[in-house]
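So the sequence shown is numbered by UniProt numbering: it starts at 1 and just counts up by one. A virtual CB, placed ideally from N, CA and C, is assigned to each residue, including glycine. The structure appears right after this line, and notes come after that.
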Amino acid sequence: MSKLTAAVIFGGQSSEHIVSCMSAANVIEHIDRTRYNVLLVGITEEGHWIKADSLDDVKTGAWRGGTVTALLSPDATRKCMILMDGDKIEEVKLDVVFPVLHGLYGEDGTIQGLLELARIPYVGCGVLASAVSMDKLYTKIIVSDLGIRQAEYEAVYREELSAMDQVAERIEKHFPYPVFIKPSNAGSSRGISKADNRRELMDGLTEAARHDRKILVEETIVGREIECAVFGGGTSAVEASGVGEILAAAEFYDFDAKYFNEDSRTVTDPELPDGAAQRVRRAAMDIFRAVDGYGLARVDFFVKDDGEVVFNEINTMPGFTAISMYPMLWEARGISKDQLVEKLLSHGMERYA
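Right, here's the structure in full:
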């Protein structure tokens, strides 16, 4: 049987560029080379698409110096990546794409739209699910119809910040300090801060506005940070893994605590109040279905001491690094990284069936 061709696209123009490269290296390492020819395509932070020659180049970053430009053709009759090396042009037919891209221009429906135009099967959520899940404000609007508890919030728009005092007063009337400030449309805890007073609130709003024009200010939920992995959609039943707990080294699980602080830890199957783990799993699957999820997602919650489950956010292309919760949760259920990557690729290829 002839091999299939899978393209792994990584890097990207978001603030999570480095994490995407780390995730991609882990995915590439676990693709079955007896089944797939693998084409590696990195996107620089400036937006240049470059063919990478090897896994080592992905790990070291040497791919950024590559000389072969890659272009994904939107032509649905061609279903190919176009490689340009000087005067030489080559078309590589693709059977499936794994877009291991986190954050803006990757996890937000943009590359998914390009792949839909090209009619190339791909791993992960489609345009709608990617877009609404990336935008925390619109995720909250969707989840509010499910009867699932989530943090109270106030939406703020960048253009409102010229009247900062009025914005602060509105927030202070809604809920007390401390509050969390989050860009609505930035991933992996970028631009998130905690405010204990008005000055910190104003600073946090200013920082969040650097990342997105829509900002969420949320009440503080005191609880344990719990995550659940979801797989399925389409003709496949939606499944939830067990749950995992984040033990952050910092006051909250910001970008550095998540990826670069060795004291941050993740624990699978933590002991929770009676029934809380099952409520998390059920809510994770309900939210995944509500956003029209496909393939994979990680859904994050807080669990309070009394067992109440509070939804936090959903990630439609969760981290796949060596310390990321999504693959760890499935490994805890007996599904190896090799098996998980194969399940994701095979499921991706079913999307137009």
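Judged by DSSP in its simplified three-state form, C21 adopts helix.
Within the DSSP bridge table, the entry for T69 names I50, M84 as partners. Apart from sequence neighbours up to five positions away, the residues of its chain that approach S15 with a beta-carbon distance below 7 angstroms are G103, A186, R190, ordered along the chain.
Under the criterion of beta carbons closer than 8 angstroms, M349 and P121 qualify as touching, at roughly 5 angstroms. Bridge pairing for L216: A155, K182 [DSSP]. CA-CA distance, A24 to I18, rounds to 10 angstroms. Beta-bridge pairing by DSSP links E160 to no other residue. A distance below 7 angstroms between beta-carbons, with the five flanking residues on each side excluded, links K3 to the following residues of its chain, in chain order: R35, Y36, N37.
Around the Cβ of E159, a 10 Å sphere holds fewer than 16 other Cβ atoms; the residue is exposed. Counting the other CB atoms within 10 Å of its CB gives E227 a total of 16 or more, which places it among the buried residues. Take E107, set aside five residues on each side of it, and the residues of its chain with a beta-carbon closer than 7 angstroms to its own are L101, S130, M134, G187, T316, M317, in chain order. Here G42 carries a strand assignment [DSSP, helix/strand/coil].
With a cut-off of 8 angstroms on Cβ pairs, the region 330-344 is not in contact with the region 40-52, counting fewer than three such pairs. In the three-state DSSP reduction, S336 falls in the coil class, being neither helix nor strand.
In this structure, S162 is the residue among M285, S162, G61, G295 with its C-alpha nearest to the C-alpha of R213. DSSP, read as helix, strand or coil, puts R298 in strand. Nearest to S54 by C-alpha distance, out of G65, H48, S184, is G65. In the three-state reduction of the DSSP assignment, I111 falls in the helix class, which pools H, G and I. Comparing alpha-carbon positions, the option among R78, D87, K79 lying closest to T69 turns out to be D87. In the structure shown, the three-state DSSP call for S144 is helix. Less than 9 angstroms divides the Cβ of V97 from the Cβ of L115. DSSP places Q13 outside both helix and strand once states are collapsed to three, so it counts as coil. By the Cβ-count criterion, P327 is buried, with 16 or more other Cβ atoms from all chains shown falling within 10 Å of its own Cβ.
Where T266 is concerned, the enclosing beta strand (DSSP E) starts and stops at 265-268.
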